[in-house]
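Asker:
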Amino acid sequence: MVKIFIDPGHGGNDPGATAYGLNEKDINLNIALKLDRLLTQSYKEVSTRLARTSDTTVTLDERTNMANAWGADYYLSIHINAGGGVGFESYIWNGSFSNKRKTESLRTNIHEEIVENVGWRDRGKKEANFHVLRESSMPAVLTENGFIDNRNEANEMRESNWIEHIAEAHASGIAKAFNLVRKAETEDPQETNTFYRVVTGSFKLENNARQRRYVLRDQGYNSFIVEFTHDGTTYHRVVTGSFQNKSNAEVRQKELERIGFESFLATFTL
Ligand SMILES: [Zn+2]
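Take 156 as the starting number for the sequence shown in our numbering and just add one per residue.
#1: How about PHE419: is its C-beta nearer than 8 Å to some C-beta of chain B?
#2: Enumerate, from N- to C-terminal direction, the unbroken alpha helix (DSSP H) stretches of 4 or more residues contained entirely within the region 320-396.
#3: Taking 5 Å as the limit, name every residue whose beta carbon sits nearer than that to some heavy atom of ligand 1, in sequence order.
#4: Alpha helix (DSSP H) containing ILE427: first to last residue?
#5: Counting only the same chain and skipping the five closest in sequence on each side, list residues whose C-beta sits under 7 Å from that of ARG218.
#6: By the three-class DSSP mapping on this structure, what secondary structure does SER232 have?
#7: Alpha carbon to alpha carbon, what distance is there between LEU231 and VAL296?
#8: Buried or exposed, going by whether 16 or more other CB atoms sit within 10 Å of the CB of THR195?
#9: Which residues does DSSP pair with VAL296 in a beta bridge?
#10: Please report the residue range of the beta strand (DSSP E) in which PRO282 lies.
#11: What residue range is occupied by the uninterrupted beta strand (DSSP E) comprising ARG204?
#12: Restricting to Cα atoms, I'd like to know which of SER251, ALA421, GLU323 is closest to PHE350.
#13: Relative to the alpha-carbon of TYR198, which residue among ARG313, GLU299, VAL336, ALA283 has its alpha-carbon at the smallest distance?
#14: Jot down the residue ranges of each uninterrupted alpha helix (DSSP H) in the region 163-211, minimum 4 residues, whole runs only, in chain order.
#15: Looking at C-alpha atoms only, which residue of PRO170, ARG192, MET293 is the closest neighbour of ILE182?
#16: Would DSSP call LEU215 helix, strand or coil?
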């Protein structure tokens, strides 16, 4: 099982780069969520974990601690560039470390696959002393996916097609780097139809469930209400996220508990 840790840069209080009404943190998250789904749905023997699944503040230490504690095989940090330029570049740590050669070769696979698939101007394979690259104990790469302050690239970033395209390029780069094998279309229908719902409150009165939804919405979380019957009693569950990947549901659960909402996971099969 190859463990890929996906880090959508910035979030919450930290918008990252901003231009033309866009926040880098939102684009990073959209690419990361899409990439996560592509990897787990399309490839065998891969498991993923996200540093955040919503617009929440996560420190750099928390991010690398999460990846290190999980024992990830790869750390992928997703960013959007700014500062006047165009195209794609990637980074690995500029220090000297034991698995640098391996890190370089994995990065080359991913970098070249992305440049080729997206048809991007190649700004080069670079090195820098970034926290997430230095403090992660596994090979790590950071991608800078276009410039938010370039009008043409910013316009593309608004399109869901663009997000999908970038995520697909990352997925095929990772697949190439780790020799991941594609799942057959019909394989494991059970697995792909099970969802982990994050339940943030279960109420007999529907009105109480609605109140909880409003409070969550004020905190930036969209939710929906589902009915659940146990021993003849109907409950209204407030679902704040539904994930096919259990570990992502757990990340969401922790985010909610950190801001004071006791939550639990419930499986749901289509
Ligand atoms: Zn960034």
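For glycine and all other residues, C-beta sits at the position ideal for the given N, C-alpha and C.
Answerer: Concretely, from the data shown:
#1: This model lacks chain B altogether; it includes just one protein chain.
#2: Here the runs fully enclosed are 344-347, 361-373.
#3: GLY164, GLY171, HIS234
#4: Residue 427 is absent from the structure shown; the chain starts at 156 and stops at 425.
#5: Taking the first residue of the sequence shown as position 1, residue 218 is located at position 63. So the qualifying residues of the chain are ASP162, ALA206, VAL287.
#6: Taking the sequence shown and counting its residues from 1, one reaches residue 232 at position 77. Looking at SER232 - three-state DSSP - the assignment turns out to be strand.
#7: Translated into positions along the sequence shown, residue 296 becomes position 141. Translated into positions along the sequence shown, residue 231 becomes position 76. Taking the straight line joining both Cα atoms gives about 5 Å.
#8: Residue mapping note: residue 195 aligns to position 40 of the sequence shown, counting from 1. Looking at its Cβ environment, which holds 16 or more other Cβ atoms inside 10 Å, THR195 is buried.
#9: As a position in the sequence shown, residue 296 is number 141, starting the count at 1. According to DSSP, which records beta bridges pairwise, VAL296 is partnered with LEU231.
#10: As a position in the sequence shown, residue 282 is number 127, starting the count at 1. At residue 282 the sequence reads Glu, which differs from the Pro that was named. Secondary structure note for GLU282: its beta strand (DSSP E) is the uninterrupted segment 277-283.
#11: Indexing the sequence shown from 1 puts residue 204 at position 49. From DSSP, the beta strand (DSSP E) with ARG204 extends over 201-205.
#12: Within the sequence shown, the letter at position 195 stands for residue 350. Among SER251, ALA421, GLU323, the Cα nearest to that of PHE350 is on ALA421.
#13: Position 43 of the sequence shown holds residue 198. Nearest option by C-alpha distance: VAL336.
#14: 179-197
#15: Translated into the one-based positions of the sequence shown, residue 182 becomes position 27. Taking only the C-alpha atoms, the option nearest ILE182 is PRO170.
#16: The residue labelled residue 215 in the question sits at position 60 within the sequence shown. LEU215: helix per DSSP, three-state reduction.
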